[in-house]
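Engineer:
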Amino acid sequence: MPITFFINRDEKLMVSRYVGDIDDNSFILSYKTMLRSGKFELGFDELVDMTKLKNFTITWEGVKGVQSLVDEKFANSTNTVRTAVVALENLPFGLARMYELYKEERLPEEIMVFRTMLEALKWLKREHSLIQDVESWERVTT
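Using our numbering, read the sequence shown as starting at 27 and increasing by one per residue.
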């Protein structure tokens, strides 16, 4: 499964783990499945873990496709959420930075892109120990 979503309701946090090969189709389908699952709620922060990617072929069109799904789902939201993206490779890091700039004008979401998990968790104001047992959290597998 290219993306697995781990949800911790008590912490209001979702960890999105990207593994292996991910293209536009798998990216859009994964987020569509997660949003329709009913497990993700307004006001949850997100930690996007791209550290286990092998082949990343998501394009700007794929990003806009996911964004339209999110816009549709949360169009009337006034909750500000925070999304921290961790990417080691230059291509996903650069695309995430473009998305960060693009989002400044859209839904109430703060996005920051990082090279390390520690930096991302610090920005989200979460302890690193919180994600040690992420495998035991509620999940949406796509």
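Cβ coordinates follow ideal geometry from the N, Cα and C atoms, glycine included.
Sorted by chain position, which residues of the same chain lie with C-beta nearer than 6 Å to A113's C-beta, five sequence neighbours on each side aside?
Structural biologist: M76, F119, A122
Engineer: Comparing alpha-carbon positions, which option in K78, K90, W149, L61 lies nearest T167?
Structural biologist: L61
Engineer: So, using beta-carbon positions, are D47 and N81 closer together than 8 Å?
Structural biologist: yes
Engineer: Starting from R62 and walking both ways along the beta strand (DSSP E), at which residues does that stretch end?
Structural biologist: Looking at the DSSP string, R62 is not in any beta strand (DSSP E); the run it does join, the alpha helix (DSSP H), is 50 to 63.
Engineer: Using the Cα positions of N51 and K58, report the straight-line distance between them to the nearest angstrom.
Structural biologist: Near 10 Å, if we compare the C-alpha coordinates of K58 and N51.
Engineer: If E87 sits next to S42, beta carbons under 8 Å apart, how far is it from one beta carbon to the other, in whole angstroms?
Structural biologist: Going by Cβ atoms, the distance from E87 to S42 rounds to 20 Å, so no, they are not a contact pair.
Engineer: By the three-class DSSP mapping on this structure, what secondary structure does N116 have?
Structural biologist: It is helical.
Engineer: Leaving out the 5 sequence neighbours to the left and right, which residues in its chain are closer than 7 Å to K38 when beta-carbon positions are compared?
Structural biologist: G69, F70, D71
Engineer: Could you name the residues of the same chain whose beta carbon sits closer than 8 Å to that of I84, not counting the 5 residues immediately before and after it, in chain order?
Structural biologist: I48, D49, D50, F53, P118, L121
Engineer: Can you tell me where the beta strand (DSSP E) with F70 in it begins and where it stops?
Structural biologist: Looking at the DSSP string, F70 is not in any beta strand (DSSP E), and its letter there is neither H nor E.
Engineer: Can you list, in chain order, the residues of its chain with a C-beta nearer than 7 Å to that of Y125? Leave out the 5 residues immediately preceding and following it.
Structural biologist: V89, I137
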